[in-house]
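*Asks:* Just add 2 to wherever you are in the sequence shown, counting from 1, and you've got my numbering.
Cβ coordinates follow ideal geometry from the N, Cα and C atoms, glycine included.
If you scroll down you'll find the structure; I have some questions about it.
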Amino acid sequence: MPSRITPKPTQAPRPLTSGPGRIAAPKPTASAPTKPPLLAALTATLVETKREDAGPNAEVPPNIAGVPVRHARTLQFVGLTGTSTAQQQTTDVQFGKLSKDQHKALMAEFGGTSQVPYDAQREYSAIDFLAPMLQALVNKDVDVSSPVTLRGTAKLREVENCDYAIGITPNCHGTAWEAARAFQGSGSGELGLCLGDGTSALDLYHTDRFTNVGKLASGDPAALKQLRPGDLIAVTDESELLLHSAVYAGGGLFFEKPDTEDDGYSETPYRLVTLEQMKAPLGEYANGELSLSIMRPAKPLEPVQLAFQSGEEAGIAAWANKQGTSIGKPLVLELELGSGGGIRGVHASATELKNVTIDAQGRGTVVGE
């Protein structure tokens, strides 16, 4: 839902050299690079957040998959930059100790990808039943370094006459894409933190990668029954602006990153929220009523850095190779649209690749963080 997400143009013009998955970066043909990668200084570090109890969350049902909820609380992230209270809340759902049948029921309710084992003495929460990638990210903020300017690259650009300035800018669309992939059975492995361009995301949602199974009616708890864990929720308004993307996690809860992250934006950690918590920050961005489309993956999704790959990467990679170096990180597309809907600028943003493994408690965790 960040301000950087731009409306789908009425005529979707695209430069021939740009677009998700259009042009792969060339393999170096000269000797191996001898200098550090161009983007070696770019970093994105996941940081555990501090949270304070903000009261009960009445939107969470008293039972999930027939298992009593011991308590459901709204937690407020503290110590972060930004003024949006609605964006800086998360939901804590506690079940306590479970029987084997209850554990099995909750595993099924949340998609069956968790690797947290049954233990009669363990106190379980909803997080224990999420997909490992979601477990590794939930309630964490991502601290990103300042963009890196690639001096001498202005000549490579077709629209702007300035050097590329490339940062790491994870947002809701890129996050939702990787979260949807997590429910396709990937317990551990590579995770991409990056921007998913809003215009490209809307285009991708309407390919054969997804089946549109209908609208999610707001304010109707029964409507959640049509959802499956891993369903991607595309939130648009009357002007067809893609405001937000999130993923249904199960149990009436959604996983999301509520805003774009970079070194100049407010901090908005990855979080687990109810439907109304997800919608709450969107009102100020909407033109008219919100529309929530349920986009169900119809085939295995490619990694986010491939789905949103930048066509600019090929030219930058070739230029870097001539300098005796490499880019160092996959690049994704970022389109800047003008007020009339046409493309005003074509930019590139970097992907931070993390490795997710399973810890001693059975939860997903990012290696080294």
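(1) Can you find the residues in the same chain that come closer than 7 Å, C-beta to C-beta, to His1, ignoring five residues on each side of it along the sequence?
(2) Please go through the same chain and pick out, in chain order, the residues whose beta-carbon is closer than 6 Å to the beta-carbon of Gly98, but skip the five residues on each side of it.
(3) Go ahead and label Ala300 buried or exposed: buried means 16 or more other beta carbons lie within 10 angstroms of its beta carbon, across all protein chains shown.
(4) What residue does the beta strand (DSSP E) around Val215 start on, and which one ends it?
(5) So what's Tyr250 in DSSP terms, helix, strand or just coil?
(6) What did DSSP end up calling Pro299 once you bin it into helix, strand or coil?
(7) For the stretch 224-291, which segments carrying the alpha helix (DSSP H) assignment without a break, of at least 4 residues, lie completely within its bounds, in sequence order?
(8) I need the straight-line Cα distance from Arg68 to Ile296, nearest angstrom please.
(9) Under a three-way DSSP split, which group does Val161 fall into?
(10) Would Thr262 pass as a contact of Asn141 if the rule is Cβ separation under 7 Å?
(11) With DSSP collapsed to three states, give me the class of Phe131.
(12) State the DSSP-derived secondary structure class of Gly154, mapped to helix, strand or coil.
(13) Taking only the alpha-carbon atoms, compute the straight-line gap between Leu333 and Cys164 and give it to the nearest angstrom.
(14) Grouping DSSP H, G and I as helix and E and B as strand, with all else coil, what is Gln363?
(15) So, are the CB atoms of Asp143 and Pro271 less than 7 Å apart?
(16) Taking the runs of the beta strand (DSSP E) that are 3 residues or longer, which of them lie wholly in the stretch 78-146?
(17) Figure out for me which residue from Ser268, Arg273 and Glu269 has the closest Cα to the Cα of Val249.
(18) Shortest alpha-carbon distance to Gln89 belongs to which of Lys324, Gln307 and Ser268?
(19) Which residue's Cα is closest to the Cα of Ala184: Ala128, Asp121, Leu197 and Gly113?
(20) Quick check on the burial criterion: 16 or more other C-beta atoms within 10 angstroms. Buried or exposed for Lys331?
(21) In whole angstroms, what is the alpha-carbon distance linking Ile25 and Thr238?
(22) With burial defined as no fewer than 16 other Cβ atoms inside 10 Å of the residue's Cβ, what is the status of Ala27: buried or exposed?
(23) Of all the beta strand (DSSP E) runs that stay within the bounds of the stretch 308-348, which reach a length of 3 or more residues?
(24) Going along the chain, which residues of its own chain have a beta-carbon closer than 7 Å to the beta-carbon of Trp321, five neighbours each way excluded?
(25) If you draw a straight line from the alpha carbon of Val358 to that of Gln186, how long is it in whole angstroms?
(26) By DSSP, does Ser351 sit in helix, in strand, or in coil?
(27) Which of the three DSSP states is assigned to His73 in this structure?
(28) Going by the CB atoms, is the gap between Val95 and Gly347 shorter than 7 Å?
(29) Between Pro134 and Ala110, what straight-line distance do the alpha-carbon atoms span, to the nearest angstrom?
(30) Ser148 by DSSP, collapsed to three states: which one?
(31) Can you say whether Lys217 is buried or exposed, counting buried as having 16 or more other CB atoms within 10 angstroms of its CB?
(32) Identify, in the order they occur along the chain, each residue of the same chain with its Cβ nearer than 8 Å to the Cβ of Gly57, setting aside the five sequence neighbours on each side.
*Replies:* With the given structure in hand:
(1) Only positions 3 to 371 of the chain appear in this structure, which leaves residue 1 out of reach.
(2) Arg72 and Glu125
(3) exposed
(4) Phe212 to Lys217
(5) strand
(6) strand
(7) 277-281
(8) Before going further, note that residue 68 is Gly rather than Arg in the sequence given. If I take the Cα positions, the gap works out to 25 Å.
(9) coil
(10) no
(11) helix
(12) coil
(13) 18 Å
(14) coil
(15) yes
(16) 91-98 and 142-146
(17) Arg273
(18) Ser268
(19) Gly113
(20) buried
(21) The predicted model places Ile25 with a pLDDT of 39, which falls under 50 and marks its position as unreliable; any figure quoted below should be read in that light. When rounded, the distance between both Cα atoms is 29 Å.
(22) In this predicted model, Ala27 has a pLDDT of only 48, less than 50, meaning its place in the structure is not dependable; the value taken from the coordinates is given anyway. Ala27 is buried by the Cβ-count criterion.
(23) 333-339
(24) Thr155 and Leu158
(25) 15 Å
(26) strand
(27) strand
(28) no
(29) 15 Å
(30) coil
(31) exposed
(32) Arg75 and Thr76
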